[in-house]
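Chemist:
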Amino acid sequence: MSIPSKIHATDREKAKQDLENHAVLIAEGYQNGTLVELQKVGWQMTWNYLLKDLRTCCPGFSEIEYGIALNQAFVKSE
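Here you go:
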């Protein structure tokens, strides 16, 4: 088992920051009403759509990490 280099840690930190930034943009888009197509569906379908959008923008994270990032983004943007 090898110890990850600083380069890999830095890449992961940057990817995590990108994830958080994209989550904020998605949450703000939802709250500003720019995602009009989501206004007529229930919350569960909306949440799944937002998570899918985040997964597409920032691949490589676990489902839990996507959910946490999106939850935190909604809290920050309130």
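So the sequence shown is numbered by our numbering: it starts at -11 and just counts up by one.
Built from N, CA and C at the ideal position, the CB exists for glycine as well.
Remember, it's a predicted structure, so these values are computed and weren't measured experimentally.
So does the region -2 to 10 actually touch the region 21 to 35, counting three or more Cβ pairs closer than 8 Å?
Modeler: With the cut-off at 8 Å, the region -2 to 10 and the region 21 to 35 do not touch.
Chemist: Taking C-beta to C-beta, are residue 13 and residue 38 nearer than 8 Å?
Modeler: Going by C-beta atoms, residue 13 is not nearer than 8 Å to residue 38.
Chemist: Considering only C-alpha positions, which residue in the set 49, 18, 26 is nearest to residue 0?
Modeler: Here the closest residue by C-alpha is 49.
Chemist: Spatial neighbours of residue 65 within its chain, please: CB distance less than 7 Å, with the 5 preceding and 5 following residues excluded, ordered by chain position.
Modeler: Cβ within range, chain order: 12, 15, 16, 19.
Chemist: What's the gap between the Cα of residue 23 and the Cα of residue 41?
Modeler: Distance between the alpha carbons of residue 23 and residue 41: 12 Å.
Chemist: On the three-state DSSP scale, how would you describe residue 22?
Modeler: Correct three-state label for residue 22: coil.
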